[in-house]
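Presented below is the structure to which this report refers.
Shown next, in the form of structure tokens:
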């Protein structure tokens with residue numbers, strides 16, 4: 001069997017049509033309705049296109065499925081339709097998946113029932129303002145069963161198909177007066193393989209995410225999301241996602257056939273925690289909608305116990321309409337052609353072009369959010385988001401870092417290393433005002449593995465310090481509160497209280513550089529031509545001079561920036577030390 005390879009672009013193509021799908025016709029939120037239930041108002045005419053920057057239109061609402069295809073999903077015709085014929089498998093041993101050339105799975109993780117279960121939700125908890133910890137109690141699944149059931153295989157990294165769950169946190173009362181919370185977690189992966197062969201290696205993880213949502217249960221008739229097969233215009237059979245349906249479903253965090261878990265507000269000043277047991281590790285980076293996270297990452301030979309504890313955050317929702325002619329000029333619009341009448345699209349908070357799309361929309365909404373819902377969620381960064389990142393930040397086997405913010409849009413990837421300022425930079429975009437007209441205050445957290453941070457800066461294991469600053473779009477520093485701590489193998493950094501529209505957070509670590517170890521050199525002896533038997537001269541050994549510790553400083557003169565490196569660096573005349 002040939003070596004199995006990874007499809008690098010799989011999720012970008014496979015999920016883009018789902019995530020950028022047309023939204024249903026809905027009406028705007030009325031006075032007194034919680035911000036968590038805001039929905040985009042109906043378009044005023046068919047010649048405008050809606051842009052809807054909101055987090056709850058996410059992968060959490062996608063139905064599970066196990067896909068087999070007879071060719072690569074990257075193979076598209078002139079109209080961007082896949083040329084591969086696709087089908088649904090019920091396990092990795094399904095004849096269709098064995099015969100196929102590509103396998104993709106998308107799974108909602110079930111609740112852990114036994115200590116040996118993996119790829120499942122262990123539990124949730126809350127810590128009230130008085131410090132009392134409340135453990136979550138599982139109520140039931142939502143929907144009642146997976147819409148597309150398939151068997152898991154932990155050795156191959158395939159989860160058992162499951163459903164989201166309703167949990168109770170007694171006396172942790174949400175905005176609707178209930179103690180009910182919807183908990184969801186998802187994993188997806190895919191691989192290109194040799195046709196007519198069984199899998200013999202673990203499927204690479206493409207996506208991992210989880211969240212907690214306060215809800216109130218509403219009775220009604222609903223149809224949960226489902227994946228089914230449909231014919232493409234080019235005649236091939238493909239996997240198609242059908243969203244949940246039912247009256248008012250747009251404000252539901254999840255549905256069963258008879259129940260809607262309606263989104264509500266988080267209680268103030270309550271910390272929430274979520275634990276999962278996963279097969280394998282969590283590679284790369286996570287990003288989230290949480291504040292001041294504390295993470296625990298315990299790995300053994302068969303699983304990883306992963307816990308995130310954090311406060312919820314309030315995120316500005318920006319929504320509005322732009323002229324069709326303006327919309328068609330946006331980057332990456334080819335992924336959504338043709339643009340239909342009465343369309344609205346959700347680019348996502350960290351897509352590659354979300355910042356430019358939001359900056360286009362902000363003048364149309366007066367730099368003001370339409371709503372500020374609360375949220376608690378984290379997701380993995382896509383492979384494309386890690387392209388070009390510092391080599392130290394790429395670890396395909398283990399968690400490297402965690403970036404969180406309450407900004408509407410943020411950089412699509414880990415912080416970028418700026419070699420000029422020697423800082424980790426992160427760009428954010430949000431409206432200047434909340435939906436109530438108040439100045440919106442930003443929050444940013446960077447949690448990075450200690451060894452990764454020292455790798456980036458080439459530091460020793462000695463303690464490090466940090467300089468955290470926030471600059472606006474003109475390069476001027478803004479007022480912010482910064483903090484740093486290091487414990488349990490992680491460095492925690494944060495900035496808060498800064499304002500928008502497009503600030504950049506700069507994190508610069510200061511530590512002890514790794515010095516070169518004195519080198520040992522050997523000089524062979526020189527022996528004269530003997531006139532009589534002689535004893536060879538002894539080998540002489542010399543040591544290189546110890547290298548003095550050198551420092552680098554940044555010097556500024558107007559707009560000119562110079563770096564000076566020496567044992568005792570000083571700025572040239574006319575320059576000041578930055």
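Residue numbers (the UniProt record's numbering): 1 to 578. The beta carbon of each residue, even a glycine, is placed where N, CA and C say it ideally should be.
As assigned by DSSP and simplified to three states, the class of residue i
i: residue 446; result: strand
i: residue 578; result: coil
i: residue 469; result: strand
i: residue 256; result: coil
i: residue 82; result: strand
i: residue 202; result: coil
i: residue 387; result: coil
i: residue 52; result: strand
i: residue 555; result: strand
i: residue 95; result: helix
i: residue 4; result: Confidence at residue 4 is low in this model, with a pLDDT of 34, below 50, so its placement is unreliable and no value can be given for it.
i: residue 457; result: helix
i: residue 451; result: helix
i: residue 528; result: Here the model assigns residue 528 a pLDDT of 37, short of 50, so the residue's position is not dependable, and the following value carries that caveat. Coil at residue 528, not helix or strand.
i: residue 88; result: strand
i: residue 513; result: strand
i: residue 400; result: strand
i: residue 357; result: helix
i: residue 227; result: strand
i: residue 144; result: coil
i: residue 35; result: helix
i: residue 156; result: helix
i: residue 362; result: helix
i: residue 309; result: strand
i: residue 120; result: strand
Among the options, nearest to residue i - alpha-carbon criterion
i: residue 170; options: 578, 391, 126, 557; result: 126
i: residue 215; options: 177, 485, 38, 208; result: 177
i: residue 119; options: 570, 558, 553, 277; result: 277
i: residue 164; options: 61, 246, 435, 323; result: 61
i: residue 141; options: 124, 182, 154, 133; result: 182
i: residue 150; options: 510, 160, 143, 156; result: 160
i: residue 391; options: 452, 93, 355, 346; result: 452
i: residue 80; options: 157, 136, 238; result: 238
i: residue 354; options: 44, 55, 34; result: 55
i: residue 146; options: 265, 116, 106; result: 106
i: residue 129; options: 417, 172, 269; result: 269
i: residue 275; options: 116, 306, 220; result: 306
i: residue 478; options: 37, 504, 70; result: 504
8 Å Cβ shell around residue i - same chain, five flanking residues per side excluded
i: residue 217; result: 166, 178, 180, 259, 260, 261, 262
i: residue 288; result: 308, 310, 377, 378, 379, 402, 403, 404
Cut-off 6 Å between Cβ atoms - residues of its own chain near residue i, not counting five sequence neighbours on either side
i: residue 448; result: 401, 491
i: residue 582; result: Any property of residue 582 remains undetermined from this structure, which presents the chain solely from 1 to 578.
i: residue 272; result: 126, 212, 376
i: residue 198; result: 98
i: residue 621; result: A question about residue 621 goes unanswered here, because the residues of the chain that appear run from 1 up to 578.
i: residue 399; result: 282, 297
i: residue 347; result: 354, 357
i: residue 253; result: 182, 213, 215, 261, 263
i: residue 89; result: 66, 68, 96, 97
Cβ-based burial, residue i [other Cβ within 10 Å; buried from 16]
i: residue 366; result: exposed
i: residue 148; result: buried
i: residue 341; result: exposed
i: residue 29; result: With a pLDDT of 45 at residue 29, under the threshold of 50, the predicted position of this residue should be treated as unreliable, though the coordinate-derived value follows. Per the 10 Å Cβ criterion, buried.
i: residue 415; result: buried
i: residue 108; result: buried
i: residue 473; result: exposed
i: residue 430; result: buried
i: residue 591; result: Examination of residue 591 is not possible in this model, given that the chain is present from 1 through 578 alone.
i: residue 44; result: exposed
i: residue 95; result: exposed
i: residue 251; result: buried
Span of the alpha helix (DSSP H), counted from its first residue to its last, around residue i
i: residue 326; result: 324 to 327
N- and C-terminal bounds of the beta strand (DSSP E) containing residue i
i: residue 490; result: 490 to 498
i: residue 486; result: 481 to 487
i: residue 135; result: 133 to 135
i: residue 278; result: 271 to 278
i: residue 184; result: 180 to 192
i: residue 69; result: 65 to 69
i: residue 295; result: 284 to 299
i: residue 418; result: 416 to 418
7 Å CB neighbourhood of residue i in its chain, flanking five on each side removed
i: residue 578; result: 554, 555, 556
i: residue 231; result: 237
Residue i at chain D interface by Cβ criterion, 7 Å
i: residue 110; result: As a matter of chain content, chain D is missing from the structure shown, which is built from one protein chain.
Residue i beta carbon near the ligand HEM (any heavy atom closer than 6 Å)
i: residue 494; result: For the ligand HEM, the structure offers nothing, since it holds no ligand at all.
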